[in-house]
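Step one of this worksheet: look at the structure below.
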Amino acid sequence: MRKALQIAAILLGILAGDGHAAGPEKVSLQWYGQSAVRITSPGGKVLLVDPYLTGNPKTPAKFKDLDAIGRLDLILVTHAHGDHLGDAPALARKHNVPIIAPAGLADTLAALDIVPPELAPRMNKGGTVTPLGPGIRITMVHAEHSSELLWKNPATGKNEVHVGGEPVGFIIELENGFRIYHMGDTSLFSDMRLIAERYHPDLVLVPIGGHFVMDPADAAFAIREWLKPAYALPIHYGTFPVLKGTPEQFRAALGTSATQVISLEPGESIDF
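This note's numbering applies: residue 1 is where the sequence shown begins, and numbers increase by one.
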C-alpha cells in the first residue's frame, strides 16, 4: 500500500474547488483552516473533523455557510476547545449525525442539551468504532493537550467551564486501507512512535503553529523520527497571531526526510 501511494504521489492534484467528489479508490481531503478537514472516503462516505468554520478567520466565506459543506455522515472532534468543537453541534443536529468525541465531552454535550444523547455516543482512547460500517474504522489515540469546554449559560449569560474529557487524536482507516492520523492538538510525546508502529499512518495531519501545540521543529521531529508517513499535511497554524509556525519552517526542519509535505490553502482539496 505504502509503495503504491508513493508512486501515486506524482499524480496528486490540489484543487480549489468544493472537494465534494471522490472517484473509485480515491480519498479526497479538503482543509478549511486550523484543524478542520472534510474527508470523502473511496466509498463516498463524508467525515468532518474539528469543524471550526463560522468563527474561523481563515475559513473562506463560502464555507461559513454550513450548507456549503454538503452531505455529511460523521463528525469527529478531538477535544472541547472552541476552535475544534466549533460548529459540530449545529452540524450534528442539521444532518442528524453523531459526534465522535472524548467520553467526557460527549457526556457534557448531552447533559447541557447541546446535542441530544443519541448524537453524542461515548468512546475513549484505545477504542475503535465502525459507525459507517466495517469498511471504515475510527480509533481514538492519545494527544498531549487539555480539553475544557467553555460554555455560555443561556439562563445567566455567564461563561462556565465544563468537563471536556481528555484530548485525543484519531486514526481513520478507510475502505481501501488508507490510514489518516489526525493528531488534534498536541505536544511531543514518545508514544507517537508506538502509534506509528501499531497503525502505520499513510497521511498525518500535524499541528505546527506552536504556543498551544508543537512548533515546526517539534512537529518535524515527530514526523521524521517517529511517525515516518508517506505524507504530512500541516494544520493549526496562522489562524491567530500567536500560531506563528509556517509550512516552510516545517519543511525546512524535516531536512532529508522521505515524507512528502502537502501545503493547502484554506478551502483547497487534494486527492490521494
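We put the beta carbon where it would ideally sit given N, CA and C, even for glycine.
Original post:
Given glycine 165, which residues of its chain have a CB within under 6 Å of its CB, disregarding the five upstream and five downstream residues?
Top reply: As a working mapping, residue 165 is identified with position 165 in the sequence shown. Pro102, Ala103, Gly104, Leu105, Ser147.
**OP:** For the beta strand (DSSP E) holding alanine 232, just list the boundary residues, first then last.
**Re:** Locating residue 232 in the sequence shown gives position 232, counting from the first residue. Counting along the chain, the beta strand (DSSP E) containing alanine 232 begins and ends at 231–235.
Original post:
Can you tell me the Cα-Cα spacing of leucine 47 and arginine 38, whole angstroms?
Top reply: For this step, residue 47 is matched to residue 47 along the sequence shown. For this step, residue 38 is matched to residue 38 along the sequence shown. Taking the straight line from one Cα to the other gives about 6 Å.
Subject >> Same chain only: Cβ atoms within 7 Å of lysine 289, ignoring 5 sequence neighbours per side >> reply: Any property of residue 289 remains undetermined from this structure, which presents the chain solely from 1 to 272.
**OP:** Can you give me the Cβ contacts of leucine 66 inside the same chain, cut-off strictly under 8 Å, excluding the 5 residues immediately before and after it?
**Re:** Translated into the one-based positions of the sequence shown, residue 66 becomes position 66. Same-chain partners within the cutoff: Leu53, Thr54, Asp87, Ala90, Leu91, Lys94.
Original post:
If we call anything under 7 Å between Cβ atoms a contact, is methionine 183 one with tryptophan 226?
Top reply: The residue you call residue 183 lines up with position 183 of the sequence shown. The residue you call residue 226 lines up with position 226 of the sequence shown. Not a contact, by the Cβ cut-off of 7 Å.
Original post:
Measuring CA to CA, which of Leu233, Phe272, Gly43 is closest to glycine 135?
Top reply: Taking the first residue of the sequence shown as position 1, residue 135 is located at position 135. Closest option to glycine 135, judged by alpha-carbon separation, among Leu233, Phe272, Gly43: Gly43.
Original post:
For histidine 79, which option in Glu144, Gly157, Leu72, Lys152 has the closest C-alpha, if you only look at C-alpha atoms?
Top reply: Position 79 of the sequence shown, counted from the start, is the residue given in the question as residue 79. Of Glu144, Gly157, Leu72, Lys152, the residue nearest in Cα terms is Glu144.
**OP:** Could you tell me if aspartate 83 is buried or exposed, where buried requires 16 or more neighbouring beta carbons within 10 angstroms of its beta carbon?
**Re:** For the purposes of this step, residue 83 is taken as the residue at position 83 of the sequence shown. Per the 10 Å Cβ criterion, buried.
**OP:** Measure from the alpha carbon of aspartate 218 to the alpha carbon of each residue in Ile172, Thr186, Thr139, then state which is nearest.
**Re:** For the purposes of this step, residue 218 is taken as residue 218 along the sequence shown, with counting starting at 1. Minimum Cα distance to aspartate 218 is reached at Thr186.
Original post:
If you check the beta carbons only, do isoleucine 114 and isoleucine 75 fall under 7 Å apart?
Top reply: Along the sequence shown, read from residue 1 onward, the residue named residue 114 stands at position 114. Along the sequence shown, read from residue 1 onward, the residue named residue 75 stands at position 75. Result no, Cβ atoms of isoleucine 114 and isoleucine 75 do not sit closer than 7 Å.
**OP:** Tell me whether aspartate 83 sits in a helix, a strand or coil according to DSSP, three-state version.
**Re:** As a working mapping, residue 83 is identified with position 83 in the sequence shown. Helix.
Original post:
For the alpha helix (DSSP H) that contains aspartate 107, what are its first and last residues?
Top reply: Counted from its first residue, the sequence shown places residue 107 at position 107. Where aspartate 107 is concerned, the enclosing alpha helix (DSSP H) stretches over 103–111.
Original post:
From proline 275 to tyrosine 181, what does the alpha carbon distance come to, in whole angstroms?
Top reply: Since the first and last residues shown for the chain are 1 and 272, residue 275 lies out of range.
Original post:
Applying the criterion that 16 or more other CB atoms from any shown protein chain within 10 Å of the CB defines a buried residue, is glutamine 34 buried or exposed?
Top reply: As a first step, residue 34 is located in the sequence shown; it is residue number 34 there, counting from the start. Buried.
Subject >> Extent of the continuous beta strand (DSSP E) run through proline 275 >> reply: What is shown of the chain runs 1 to 272, which leaves residue 275 out entirely.
**OP:** Excluding the 5 residues preceding and the 5 following glutamate 25 in the sequence, name in chain order all residues of the same chain whose CB lies nearer than 7 Å to its CB.
**Re:** For this step, residue 25 is matched to residue 25 along the sequence shown. Excluding sequence neighbours, glutamate 25 sits near Pro42, Asn176.
Original post:
Relative to the C-alpha of glutamine 249, which residue among Ala110, Gly210, Phe272, Lys228 is closest?
Top reply: Taking the first residue of the sequence shown as position 1, residue 249 is located at position 249. If we check each option's Cα against that of glutamine 249, Gly210 comes out closest.
Original post:
So who's on the other strand from isoleucine 100, going by DSSP bridges?
Top reply: For the purposes of this step, residue 100 is taken as the residue at position 100 of the sequence shown. In DSSP, isoleucine 100 forms a bridge with Leu76.
Original post:
Can you list, in chain order, the residues of its chain whose CB lies under 8 Å from that of isoleucine 223, leaving out five sequence neighbours each side?
Top reply: Translated into positions along the sequence shown, residue 223 becomes position 223. For isoleucine 223, where only same-chain residues beyond five positions count, the Cβ hits under 8 Å are Val204, Val206, Pro229, Ala232, Leu254, Ser257, Thr259.
Subject >> Other residues of its chain near glutamate 118: CB distance less than 7 Å, five sequence neighbours each side excluded >> reply: Residue mapping note: residue 118 aligns to position 118 of the sequence shown, counting from 1. Taken in chain order, the list of residues that qualify is empty.
Original post:
What does a CB cutoff of less than 8 Å around leucine 188 pick up in its chain, not counting 5 residues either side in sequence?
Top reply: Residue mapping note: residue 188 aligns to position 188 of the sequence shown, counting from 1. Closer than 8 Å at the Cβ level, and outside the excluded window around leucine 188, lie Glu144, Met214, Asp218, Phe221, Ala222.
**OP:** Grab the span of the beta strand (DSSP E) containing aspartate 271 for me, first residue to last.
**Re:** Indexing the sequence shown from 1 puts residue 271 at position 271. Run containing aspartate 271: 269–271, per the beta strand (DSSP E) assignment.
Original post:
Is it true that the CB of proline 266 sits closer than 7 Å to the CB of threonine 59?
Top reply: The residue labelled residue 59 in the question sits at position 59 within the sequence shown. The residue labelled residue 266 in the question sits at position 266 within the sequence shown. Annotated as proximal: threonine 59 and proline 266, with beta-carbon spacing under 7 Å.
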